[in-house]
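Numbering (this note's numbering), first residue to last: 449 to 693.
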């Protein structure tokens, strides 16, 4: 066996593992395997997905690390309660966004973002960075000029990531992946097809954040960020009911 062949085999096995993780993860999050129920035995999973036991074991290890399942010797593998899942895992968030009715998931994303993003904007305003502010304004222009929903979502994410970076707090910066998943899933949702009609208004609300940060006014930055998160949430989930909304 050549090194190239060996590498190719490893890549195929990795792809198979990712496929099994994707299918099982989506099924668990969608409720096809409720909490405390057993998932199929390894031989059955091998037959279901046409993969080896090694692939199934690796896939289960990945799902265990994400907090979705727990395996016990001589008992089997069961689904853990949803409140024990790793909600900061990008795959887990993506699977939630893909379910038929993700409203509760979006509500929870809204709540957590309202906790840390306005605080990050206020922190950034207390540490004014001219180059960072110029980048914020540039990204606002990208939002306004976006020619596709994907470009719109990516420019918005880059803006929020820049604010987190400008906060100077590494813990806040590490939450960027959560924001990315939240924004992208919201903007690419079926309810958000009107991005072209809204993009200038969205850009203006983001410019208000940039202006508050650039002027060194933390409270104004906090309030402006809160408005952006609130408006984005209500646009994506128009029938949602948020306390105080």
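Even glycine gets a Cβ: it sits at the ideal position worked out from N, Cα and C.
- Message: Closer than 8 Å is the cut-off here; do at least three beta carbon pairs connect the stretch 470–490 with the stretch 532–547?
- Response: Three or more beta-carbon pairs drawn from the stretch 470–490 and the stretch 532–547 are found closer than 8 Å, and the two stretches are therefore classed as touching.
- Item | Under the three-state DSSP convention, the category residue 535 falls into | DSSP places residue 535 in coil when its eight states are reduced to three.
- Message: In whole angstroms, give me the CA-to-CA distance for residue 500 and residue 561.
- Response: The alpha-carbon atoms of residue 500 and residue 561 are separated by roughly 41 Å.
- Message: Quick check on DSSP: helix, strand or coil for residue 473?
- Response: Here residue 473 sits in helix by DSSP.
- Task: Round the Cβ separation of residue 503 and residue 465 to the nearest angstrom and send it over; I've been treating them as touching at under 8 Å.
- Result: Right, their Cβ atoms sit about 5 Å apart.
- Near residue 537, which residues of its chain fall below 7 Å by C-beta distance, leaving aside the five closest residues on each side in sequence? The beta carbon of residue 537 sits closer than 7 Å to those of 514, all from its chain and outside the five residues before and after it, given in chain order.
- Task: Could you please give me the residues that DSSP links to residue 517 through a beta bridge?
- Result: 527, per the DSSP bridge assignment.
- Query: Which one or two residues does DSSP pair with residue 486 in a beta bridge?
  - Reply: Answer is 526, bridged to residue 486.
- Query: Going by other Cβ atoms of all chains shown within 10 Å of its Cβ, with 16 needed for buried, is residue 598 buried or exposed?
  - Reply: Residue 598 counts as exposed, since fewer than 16 other beta carbons sit within 10 angstroms of its beta carbon.
- Task: Give the straight-line distance between the Cα atoms of residue 578 and residue 662, rounded to the nearest whole angstrom.
- Result: The C-alpha of residue 662 is placed about 7 Å away from the C-alpha of residue 578.
- My understanding is that residue 674 touches residue 566, with C-beta atoms under 8 Å, so please give their C-beta distance in whole angstroms. Distance from residue 674 to residue 566 at the Cβ level is roughly 5 Å; contact confirmed, criterion being Cβ atoms closer than 8 Å.
- Task: Using only alpha-carbon positions, find the residue among 551, 619 and 587 that is nearest to residue 602.
- Result: Just measuring C-alpha positions, the residue of 551, 619 and 587 sitting nearest residue 602 is 587.
- Message: Just to confirm, is the Cβ distance from residue 612 to residue 621 under 8 Å?
- Response: Yes.
- Using the Cα positions of residue 608 and residue 654, report the straight-line distance between them to the nearest angstrom. Spanning the two alpha carbons is a distance of roughly 9 Å.
- Task: Kindly list the residues whose CB is nearer than 6 Å to the CB of residue 605, restricted to its own chain and excluding five residues on each side of it in sequence; keep chain order.
- Result: Counting only residues of its own chain and dropping the five nearest sequence neighbours on each side, residue 605 has a CB closer than 6 Å to the CB of 628 and 631.
- Query: Around the Cβ of residue 647, are there at least 16 other Cβ atoms within 10 angstroms (buried) or fewer (exposed)?
  - Reply: The residue is buried, with at least 16 neighbouring Cβ atoms inside 10 Å.
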